[in-house]
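Q: Before I ask anything, let me first share the structure, which is written out below as C-alpha cells.
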Amino acid sequence: MIHSYRITKYTQRDRRGYLTSPPSEWTSVSDVGTKVTEADYLLVEQAYLDAIGQLCTGLGVTALRVNGLEPADAAEVHEGQVLDLDAVEHIARQVLRERLWCKLVAPDVEFHFGYDYYLYVVSKVDPVVPLARIAASLTVDRYLSPYLETAG
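Now the structure itself:
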C-alpha cells in the first residue's frame, strides 16, 4: 500500500500545522450527553460512514474483510468475515461506538480506526476524487496509519 490518509472531524491546527483540539472537544461516543449532543454525534458518525462508503465506491471495492477483531469473540462478526458494504457500514458504526474494534481490509484498501475518532485509509491507488468530496465535511491529511502492518 502506498497512499495513507488520516480522516478526522478535527479542524483546528497549532502554529506548527498539527491538528489539535481544545479540552472541551468530544473524542468518543462516551462524550454524548456531556460534550456533544446525540444529534450532533450522529451527524459526525454518519460523515465517517459516508467517507468509508465513498472511498469504497471510488475505488471499486464491494466488500471488506474483518481483520484483527477485538474482542475476538464479538457476537456480531468474526475474524476473517467478508462484509458487503451494508454490513461494512454496520460494523464500522460499532467500531466508532467502541463496541468492538477491527480493521476493514481488501486487497487494494484498508480502513483503520484510531483513538479519539481518527480514521485511516491506506490504498494502493490514490483516492483523490473521493477524498476531495470527503474533505468538504471532514479533515483529510496525508498521514501514515499507525495500524499499518509492514513486511519486514
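Positions 616 to 767 (this note's numbering) are the ones given, in order, by the sequence shown.
For each residue, glycine too, the CB sits at the ideal point set by N, CA and C.
Model, not experiment: these values are computed from the prediction.
1. Smallest Cα separation from His693: which of Tyr762, Leu634, Leu715 and Leu711?
2. Classify Ile617: buried if its beta carbon has 16 or more other beta carbons within 10 angstroms, exposed otherwise.
3. To which residues does DSSP link Ile622 through a beta bridge?
4. Is the separation between the beta-carbon of Ser643 and that of Tyr735 shorter than 8 angstroms?
5. Could you give the residue range of the beta strand (DSSP E) that holds Ala721?
6. Using 8 angstroms as the threshold, is the C-beta distance between Ala678 and Ala707 below it?
7. Out of Gln661, Ser752 and Tyr758, which one is the CA nearest neighbour of His727?
8. When we look at the beta-carbon of Glu653 and count the other beta-carbons within 10 Å, is it buried (16 or more) or exposed?
9. Once you ignore the five residues that flank Asp699 on each side, which residues in its own chain have a CB closer than 8 angstroms to its CB?
A: The answer reads as follows:
1. Leu715
2. exposed
3. Leu734 and Val755
4. no
5. Trp716 to Ala721
6. no
7. Tyr758
8. Answer is exposed; the Cβ neighbour count stays below 16.
9. Thr677 and Ala678
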